[in-house]
Each structure stands twice: as C-alpha cells, then as structure tokens.
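Numbering (my numbering), first residue to last: 453 to 771. Ideal Cβ positions, reconstructed from N, Cα and C, are used throughout, including at glycine. Report on the following structure.
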C-alpha cells in the first residue's frame, strides 16, 4: 500500500530543511515526508560539522522523558488530570496512617498527587526502567522520595506485600500486562480486608471488530500486552471474591485529552530541529498516540474506570 504524501512549501524545499512543526503534523497524520535529494545535499554542503563528546544523560534528560512531560505536563507520561486522580481515590478516605500501591506508575505523577493530596504513603511500581528511574528522581526533587518512592519491577515479578495496602491504584497500566490473571491474584493478596482496587484501563469494546484502526494500534504500540473487555475485568475481579460496584466508560474524556495535549504541543513545536534523536522520539510517540486515538474514535477501543472492594474479614468468612 502506497504511503500518503503532502506538499511542502517551496521555500522549505529550496532551503533543504523542513520545520519541526511541519514534520510533526506529517507524522501525526501518517504522511511520508521527504524533500528532493539535491535539496538535502545543498543543506549538507552548508552545514557545520560539530563534534561533541557524549556525556551520560540523567534519566530526566532522556529525550523520551523530556517529550512526555512537554506533552502531558511536568511529572506525567500519559493523559492525567490531578483533580481526577484525587476524585478517583476519594472513596477510600485516605489519611496519613494508610498506604497505597500505584501499579504501572510511569513517571509517578499520580503517585505524587495522591501522596500530597492525602498525606499518605504511596509505593509505586513501574516496569519501564527509564520511566522508573526518572520518576524516582522527580519524587526526590519534590522531597517525596520516602513517601512516594518509585521502583522498577516487571508485571511478572511485582513485589507486593501481603495485606499491605488500603488502596491499589492504576491508571492505564494493566493493558501492558500479558498475564493479568496472575497479576490480579498478586494484587488481591496485597489488599487489606476492606481495601479498594481503583483503576482505569484501555479495554476492547464488547462488540469490537478487528477494525483497521484497532489493528493499526496493535501493530505499532510496543506497550500492548493483552487487551480485555470490561466484562473480562469484572469477571476476573469477582473470581477473586472482590465486589465490583462501579464501572464507568470515560472514553470521551480520554479522547479529548489526547487531542488537546498533542494539538498544544504541535502549536508550540517551532521550526528548528531539536536533534536527530529527539526527532525520532517525537515521530514514534506522535504516531503511537495517533493510532491509539484512531482506535478510540473507531469505538472498538474504550477507556473504563473500575472500582473494586475486598470484603471485610467477617464478611469474607461468611460470604
């Protein structure tokens, strides 16, 4: 299948350069953007050779981490409204004597939000080594490294303290896990009696077709582990004797958040390249999020909020 193309203003072609905002728009729309070979040579002829010794970058200086915070806000790596996070965990009635486990915490934006809003202890686990390292530094910079620590651990090897948490929280994390049954078993064991499991996740619509949009996301997003429907999540939770009083489809809000964030980023992108490595990261991330957005807009992919509760000790014995 031939790739789409777009016309580039003549002045950019003659200069042998394409402004960042033009390239970003092309990547977002799925275009193959190129300039004539002679124009590229012309640019190279006048380019200055720059030699610099590579210094080891801090996790916070990694291009992917920098880009994520530019798109989603300081300390965040995905769409997130701190007020919404607070509302999500409000039913638990958290206080300074309670503890929370944040699963798939990324850069820890939600981790620190919960810690600061409720003055509670939060342990965060993140499988991505780069995000975990950067998130830990962000907690350190915020003076929360003890109360909102972020650790690198894979979904298969999460170290969950038995009956150690009043609340287990996750925001669009479980879709990355290939073995959800095993993960949920570990998390259920980590909940105290009367504790809550509160999470949002990408799910397949109950009547999802294998649409081109959904397949495009599956084929190009390396994070996808296994996609479940909302009913599969509810059944898995109920099989573990958890009550599931609430589910809510929040797809519309997620779709709007993705559109707003990337539109703002593109508006502020400017003309100059920020280096070959950053350009590659921008291209990859914009295309992944574009495909995810298209899958949401097709209706075959949804985002759902789940609330589950572990029975109190007495109810567990009688139920």
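List the endpoints of the continuous alpha helix (DSSP H) containing residue i.
i           : result
residue 763 : Careful: residue 763 lies outside any alpha helix (DSSP H) and carries neither H nor E.
residue 646 : No alpha helix (DSSP H) holds residue 646; the beta strand (DSSP E) holding it covers 643-656.
residue 586 : 581-593
residue 672 : 664-672
residue 569 : 561-570
residue 535 : 534-541
residue 521 : 515-524
Comparing the CB of residue i with every heavy atom of the ligand NAP, is any distance shorter than 6 Å?
i           : result
residue 550 : For the structure depicted, the ligand NAP is absent and the ligand set is empty, with no information on it obtainable.
For the beta strand (DSSP E) that residue i lies in, which residues bound it at each end?
i           : result
residue 576 : 573-578
residue 696 : 694-701
residue 602 : 600-604
DSSP on residue i, reduced to helix/strand/coil?
i           : result
residue 550 : coil
residue 753 : strand
residue 721 : coil
residue 620 : strand
residue 555 : strand
residue 631 : coil
residue 689 : helix
residue 676 : coil
residue 732 : helix
residue 531 : coil
residue 499 : Because the pLDDT at residue 499 is just 43, under 50, the model does not fix this residue reliably, and the point stays unresolved.
residue 510 : coil
residue 744 : helix
residue 596 : coil
residue 713 : helix
residue 626 : helix
residue 545 : coil
residue 636 : helix
residue 607 : helix
residue 704 : helix
For the putative contact between residue i and residue j, defined by C-beta atoms under 8 Å, what is the C-beta separation to the nearest angstrom?
i           : j           : result
residue 677 : residue 627 : 7 Å
residue 617 : residue 642 : 5 Å
residue 713 : residue 480 : So it is not a contact: roughly 12 Å between Cβ atoms.
residue 622 : residue 746 : Not confirmed; about 24 Å, so no contact.
residue 579 : residue 556 : 7 Å
residue 740 : residue 673 : 5 Å
Measure the alpha-carbon distance for residue i versus residue j and round it to whole angstroms.
i           : j           : result
residue 609 : residue 635 : 9 Å
residue 679 : residue 733 : 25 Å
residue 632 : residue 638 : 10 Å
residue 512 : residue 764 : 42 Å
residue 595 : residue 744 : 34 Å
residue 509 : residue 725 : 19 Å
residue 751 : residue 709 : 16 Å
residue 503 : residue 731 : With a pLDDT of only 41 at residue 503, under the threshold of 50, the placement of this residue in the model should not be trusted; the figure read from the coordinates follows. Approximately 19 Å, taken between the alpha carbons.
residue 537 : residue 564 : 11 Å
residue 690 : residue 700 : 17 Å
residue 692 : residue 542 : 23 Å
residue 748 : residue 694 : 29 Å
residue 796 : residue 685 : Absent from the model: residue 796. The displayed extent of the chain is 453 to 771, so no value can be given.
residue 620 : residue 727 : 40 Å
residue 717 : residue 645 : 44 Å
residue 683 : residue 723 : 47 Å
residue 521 : residue 630 : 27 Å
residue 598 : residue 759 : 27 Å
residue 534 : residue 761 : 23 Å
residue 581 : residue 661 : 34 Å
residue 702 : residue 688 : 21 Å
residue 606 : residue 651 : 18 Å
DSSP has residue i in a bridge; who is on the other side?
i           : result
residue 681 : 656
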